[in-house]
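**Q** One structure follows; several queries about it will come next.
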Amino acid sequence: MSVQSTQSQASTELEIWKAFFPATEVYIRTVLDCARYWVDENVGLRELFFFMSVATADSLRAEKGINDPRAPLNADLNSVRESLYALANIQGTFDPFLPTAYYKVRFDTKSGRYLMKICLNYKGRVHLAKLNGLVKCVTPALVCKKDKFTYNGKRMAPDHTYPQLAPLSERGDVIGAYCVATRPDGEVIVTFVNQNELEQLKSMAESQEFHQQWPAKMLMKSAINQAEREWYTKEMAPVNIEHEPLLRLRGTKALIEPFMELLNEQGKAMDKFAKIVAYAMTFFPDTHSAREEGENLLMMLASNSAMQKCKSFSIARALLVASKYRVSLSKTKEQTYTTILKSGVHTLEIDLMYQGMRDIAFSGITNTSREKVTKLQAELIYSKDRVLFDPSTNIPHVMEQDLQDRGDLLGGFVVITRSEEQEVIFVSAETMAKVADCSKGNVKSTWPKQYARKTLLRQTFSSWL
Numbered sequence: 000m001s002v003q004s005t006q007s008q009a010s011t012e013l014e015i016w017k018a019f020f021p022a023t024e025v026y027i028r029t030v031l032d033c034a035r036y037w038v039d040e041n042v043g044l045r046e047l048f049f050f051m052s053v054a055t056a057d058s059l060r061a062e063k064g065i066n067d068p069r070a071p072l073n074a075d076l077n078s079v080r081e082s083l084y085a086l087a088n089i090q091g092t093f094d095p096f097l098p099t100a101y102y103k104v105r106f107d108t109k110s111g112r113y114l115m116k117i118c119l120n121y122k123g124r125v126h127l128a129k130l131n132g133l134v135k136c137v138t139p140a141l142v143c144k145k146d147k148f149t150y151n152g153k154r155m156a157p158d159h160t161y162p163q164l165a166p167l168s169e170r171g172d173v174i175g176a177y178c179v180a181t182r183p184d185g186e187v188i189v190t191f192v193n194q195n196e197l198e199q200l201k202s203m204a205e206s207q208e209f210h211q212q213w214p215a216k217m218l219m220k221s222a223i224n225q226a227e228r229e230w231y232t233k234e235m236a237p238v239n240i241e242h243e244p245l246l247r248l249r250g251t252k253a254l255i256e257p258f259m260e261l262l263n264e265q266g267k268a269m270d271k272f273a274k275i276v277a278y279a280m281t282f283f284p285d286t287h288s289a290r291e292e293g294e295n296l297l298m299m300l301a302s303n304s305a306m307q308k309c310k311s312f313s314i315a316r317a318l319l320v321a322s323k324y325r326v327s328l329s330k331t332k333e334q335t336y337t338t339i340l341k342s343g344v345h346t347l348e349i350d351l352m353y354q355g356m357r358d359i360a361f362s363g364i365t366n367t368s369r370e371k372v373t374k375l376q377a378e379l380i381y382s383k384d385r386v387l388f389d390p391s392t393n394i395p396h397v398m399e400q401d402l403q404d405r406g407d408l409l410g411g412f413v414v415i416t417r418s419e420e421q422e423v424i425f426v427s428a429e430t431m432a433k434v435a436d437c438s439k440g441n442v443k444s445t446w447p448k449q450y451a452r453k454t455l456l457r458q459t460f461s462s463w464l
């Protein structure tokens, strides 16, 4: 890694990125030039770094590696530019905490080239609609044969009664799905998708694997996608979120030099990581937080030899996303945690702990409504618990429970409070089990309750914001 400095001039930025990413110079130049599509070009550079990190990791892990013609780093440059223009306009992100965008690379028979296209995932679609002031709340649901369901038209939420935490199989066959969107002025929009339409949408899906693994989620995603067009039948009133301009810091390498000397005195040669860390530090809002988090990352690297083998862009990305959301890498603060993905190449992966999710929600950094989150309540429900539902809010209240043996896990719920408004989101044990099946490590078996709670929070996090 041969990063030369932390100055923000274009030529220096190019040299830095060439050291991070194994793409052609013209590819990197093209991506860097797209920063001007963002209102704040430094914000654009940060978002483009997230994009390049994902594209590079996927390219390195492609079937034929970096030379695979289908790898995103080999996509047609005009399509890359168009895709990144779209990314800026739809306000999507590839950051590891809240990824709302994804890309597709497909062969185009007319041009004989592999073209890239960036799209929003369903969470990104909801997020954008909230930013545009079109909706403040979006709730999808499936309708099954054994449910009690009465459709009340497109302007009133349906009457729908079913066991919130029951496995889908116990509710009978899926006969439809709907999405209830509430506008900021209280207007309700209900979009119903019947069984035949769901089957047709499923047959058109590019990957059937996700439908097999996550049938309920994919069907609700279809309902959201079908509902989206109805949200845009009203004039947009974008939420006015004021952000301070991102001014890049300079001289960040000098900030960590005293700490580097201490590490060297301890026999921990970290010089090759200093330039990586110093570059990412330039995106912090102030020198104090930049130095603190830069040193936190260096300490993590010094104490973990496996982490030192990770690709440099993934190390820098961890610090960049910490700067974006104003969270810490420190284990003491319990906001984030890191893992190492060893699939083909080693990359450092970072995610949020509950404390970090909560702090982001309360801070309003990603706020898409005029009311910030003021309270979060999360609770697991077991088979021996006595649970009563408030008829007006549908919020569960656990009245009694055998603390020694609460029985089997049924699922859980999160109550989100914004001023006087409350929203409740349920996650079934069935969904938690599917997430656990995709998980690596032994945390889920060693700490089942803690893992279930983490899964509950993780599955509902995007709805808090």
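Positions 0 to 464 (numbering that gives the first Met the number 0) are the ones given, in order, by the sequence shown. By construction, the Cβ of each residue, glycine as well, lies at the ideal position given by its N, Cα and C atoms.
Is the Cβ-Cβ distance between Thr92 and Glu40 less than 7 Å?
**A** no
**Q** Just to confirm before moving on: does the CB-CB distance between Leu76 and Thr29 stay below 7 Å?
**A** A contact, by the Cβ cut-off of 7 Å.
**Q** CA-CA distance, Cys178 and Arg247?
**A** Going from the Cα of Cys178 to the Cα of Arg247 covers about 42 Å.
**Q** What number of angstroms, rounded off, separates the C-alpha of Phe148 from the C-alpha of Glu378?
**A** 27 Å
**Q** Could you tell me which of Asp384, Ala301, Leu130 and Asn131 sits nearest to Met398, measuring between CA atoms?
**A** Asp384
**Q** According to DSSP, is Phe282 part of a helix, a strand, or is it coil?
**A** coil
**Q** Alpha carbons only, please: which of Trp446, Leu83 and Ile89 is nearest the one belonging to Leu31?
**A** Leu83
**Q** The beta strand (DSSP E) spanning Asp350 covers which residue range?
**A** Val344 to Leu351
**Q** Pick from Tyr231, Tyr278 and Ile339: whose alpha carbon is nearest that of Arg124?
**A** Tyr231
**Q** Let me confirm a value: Gly115 is counted as buried when at least 16 other C-beta atoms fall within 10 Å, else exposed. Which label applies?
**A** Position check: residue 115 holds Met in this sequence, whereas Gly was assumed. So Met115 counts as buried.
**Q** Please specify which runs of the alpha helix (DSSP H), each continuous and at least 4 residues long, are wholly inside the segment 14 to 55, giving them in chain order.
**A** 24 to 32
**Q** Here's the rule: buried if 16 or more other CB atoms are within 10 angstroms of the residue's CB, otherwise exposed. What is Ala468?
**A** Lying before the first or after the last residue shown, residue 468 is absent from the chain, which here runs from 0 to 464.
**Q** Please name the residue, chosen from Val42, Gly43, Tyr26 and Arg60, that lies closest to Thr346 on a Cα-to-Cα basis.
**A** Arg60
**Q** Are Ala54 and Pro71 touching if we call contact CB-CB under 7 Å?
**A** yes
**Q** Can you name the residues that DSSP bridges to Cys466?
**A** The chain is shown from 0 up to 464; residue 466 falls before or after that span and cannot be answered.
**Q** Return helix, strand or coil for Ile359, following the three-state DSSP convention.
**A** helix
**Q** Quick one: Cα of Ser1 to Cα of Val423, how far?
**A** In this predicted model, Ser1 has a pLDDT of only 39, less than 50, meaning its place in the structure is not dependable; the value taken from the coordinates is given anyway. Distance from the CA atom of Ser1 to the CA atom of Val423, rounded to whole angstroms, is 50 Å.
**Q** How many Å lie between Ser7 and Leu464 at the Cα?
**A** Its pLDDT being 46, under 50, Ser7 is placed unreliably by the model, and the measurement read from it follows with that caveat. When rounded, the distance between both Cα atoms is 32 Å.
**Q** Contact defined as beta carbons within less than 8 Å: I believe Lys233 pairs with Leu133. What is the distance between those atoms, to the nearest angstrom?
**A** 6 Å
**Q** Go through the segment 250 to 305 residue by residue and report every complete run of the alpha helix (DSSP H) that reaches 4 residues or more, in order.
**A** 251 to 264, 270 to 280 and 286 to 301
**Q** What are the boundary residues of the alpha helix (DSSP H) that includes Lys453?
**A** Looking at the DSSP string, the run of the alpha helix (DSSP H) that includes Lys453 is Pro447 to Trp463.
**Q** When the Cα atoms are used, what is the spatial distance from Pro183 to Tyr324?
**A** Taking C-alpha positions only, Pro183 is separated from Tyr324 by approximately 26 Å.
**Q** If contacts are defined as beta-carbon pairs under 8 Å, then Ala315 and Tyr278 qualify, I think. What distance do you get, rounded to the angstrom?
**A** Between Ala315 and Tyr278, the beta carbon gap of about 6 Å places them in contact (Cβ cut-off 8 Å).
**Q** At the level of alpha carbons, what is the spacing between Asn73 and Ala268?
**A** 36 Å
**Q** Under the assumption that Ile117 contacts Lys153 (Cβ atoms under 8 Å), give the Cβ distance between them as a whole number of angstroms.
**A** About 31 Å; that fails the 8 Å criterion.
**Q** Contact check, Leu409 vs Ile380 under 8 Å by CB: the rounded distance?
**A** Right, their Cβ atoms sit about 5 Å apart.
**Q** How would you call Arg249, buried or exposed, if buried means at least 16 neighbouring beta carbons within 10 angstroms?
**A** exposed
**Q** Terminal residues of the continuous alpha helix (DSSP H) containing His126?
**A** Tyr121 to Leu130
**Q** Could you tell me how far apart the beta carbons of Ile339 and Met306 are, in whole angstroms, since I believe they sit closer than 8 Å?
**A** 6 Å
**Q** By the 10 Å Cβ neighbour count, where 16 or more other Cβ atoms means buried, how is Trp16 classified, buried or exposed?
**A** buried
**Q** Span of the beta strand (DSSP E) holding Asn193?
**A** Val187 to Asn193
**Q** Cα separation between Lys453 and Gly64?
**A** 34 Å
**Q** With respect to the beta strand (DSSP E) encompassing Lys103, which residues constitute its N-terminal and C-terminal limits?
**A** Ala100 to Asp107
**Q** Measuring alpha carbon to alpha carbon, tell me which residue in Leu167, Leu296, Leu218 and His159 is nearest Ile275.
**A** Leu296
**Q** What span of residues does the alpha helix (DSSP H) with Arg80 cover, start to end?
**A** Leu76 to Asn88
**Q** Exposed or buried, what is Gly43 when buried is set at 16 or more other beta-carbons lying within 10 Å of its beta-carbon?
**A** buried
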